[in-house]
Structure formats: structure tokens, C-alpha cells
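Report on the following structure.
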Amino acid sequence: MRGKKGGVEKTTSAYKEWEVVCEALARGKQHVLLRKGGIHEGRRGFSFKHERFYLFPTRFHAQGEQVRELFGDACRGGMDEWKAGDEIVIRWWCQAMWARTLSDWKDVASLEPFHIWKEDLVRERFDCGEVQRIHCALVRVFALPEPLKLTFEKRYGGCRTWVGLPFDSPDEVVAVVPDDDFTEVQARVENIFQR
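Using my numbering, count along the sequence shown one by one with no gaps and you end on 210.
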């Protein structure tokens, strides 16, 4: 999947998210991404600017305390931040079905069944900054047929959401949630905004 096109290395976007959240997404326990934006997002701030992207798992020691349910390595400890030279395994591909900015806390709170973050963390993100709001995307997650591996470098760190990976888009993926089940989830999420 690595490749160069016309002498320029091909890159595909990846969305950085806590490893425990990536695991929840991959198990069908989470269906939305909520993001305020990092300090390195640029003048325009954060946006869900890519419809399809890899999930790039991030680590920090306290992420297990910020979620209602633990998955993967978070259950066993081992959540130290990535260091230069560590091997990162990319296992999932996402499609954002839609993205919107939410400015009504009631709508944000109603999304609780569709993510694993604790309410106080979501509220803190919503309240952060001059304007109370948070960006939301409903995502469908797909497993890659073979995991992709890369070495962690400084350019993948920092408070930014999007990073470029030296891989092409995958040719084949398998949905982690069956079509009928995802259609039901999508209807339930969208119903929140119809009230």
C-alpha cells in the first residue's frame, strides 16, 4: 500500500484518537467522534475535512480515567505515550457519514449512548473556548484486511487531529458493524437532531 506517484510520496489522512476510543469504535461500542480541536489546528481551527480516513491510535496515561468503558491495552495498563521509534499499528478505516457543529448541550448530552467518554470530559470540551460548541461526526468503521505498520515520528505527535500517512486508501475493507445494525444506529443518532 505504500507508494509514490509522480515522484511524490502518496499520503492518506488519518484522524488521531485515543487508542481506547479506537478500540470502542472497532467493536461497535462507539459511533460518533466529538472534537473541539487542538492548539495546532491552525487559524481556522478544527473541522472534519476528510470523509474517509484511517484511525491513528494515540496514547496518554490518563485516558482510561476519562471513559466509561475500557478496551484493548487500556484494560491492561500499557498506555504510555508513543515515543520516537515505537511501532504503530493502523487497523481501521473510517467513513464520516456526516459532520456538524453542535451548539446545544442537550443534543450533545443525548449522544451519550453512542460514545464511551465520561460526561464531564465532553462537557469540558464543549465549554472550552469563547463559544460553547463541539464538532460531531457519525462514522462507520471498517477493519483493514491486513494491519499497516509504521514507526512513530515526531511529526505524528502534538495537539493536531489530522496527520498524513504514507499509505494509499485501502482497496478492500470489512464493516465492523453489519449494515442493518448500522442503519438502526444512524437513525437513532439522527433522530436526536429531529426533535
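Even glycine gets a Cβ: it sits at the ideal position worked out from N, Cα and C.
For W107, the CB contacts under 8 Å within the same chain, skipping 5 residues up- and downstream, are C37, L40, A41, Y69, L70, V156, F157, A158, L159 and V191 in chain order.
For R140, the uninterrupted alpha helix (DSSP H) segment begins and ends at E134 to D142. Taking a contact to require three or more Cβ pairs closer than 8 Å, the stretch 181-191 and the stretch 71-84 do not qualify as touching.
Inter-residue distance for G144 and G100 is about 34 Å (C-alpha atoms, whole angstroms). The three-state reading of DSSP puts E80 in helix, counting H, G and I together. Residue range D194 to I207 is occupied by the alpha helix (DSSP H) that includes Q201. With fewer than 16 other Cβ atoms inside 10 Å of its own Cβ, E96 counts as exposed. Burial check for P185: the Cβ neighbour count within 10 Å reaches 16 or more, so the residue is buried. Following the DSSP letters along the chain, one finds V154 inside the beta strand (DSSP E) bounded by residues I149 to T166. For K31, the enclosing beta strand (DSSP E) stretches over residues T27 to W33.
Nearest C-alpha to I149 among E66, F61, N206 and D195: F61.
For A124, the enclosing alpha helix (DSSP H) stretches over residues W120 to S125. Under the 10 Å beta carbon count, K64 is surrounded by fewer than 16 other beta carbons and is classified as exposed.
Counting of Cβ neighbours within 10 angstroms places A152 among the buried residues, the total reaching 16 or more. At the C-beta level, C109 and V35 stay beyond 8 Å of one another. Within 10 angstroms of the beta-carbon of K98 lie fewer than 16 other beta-carbons, which makes it exposed.
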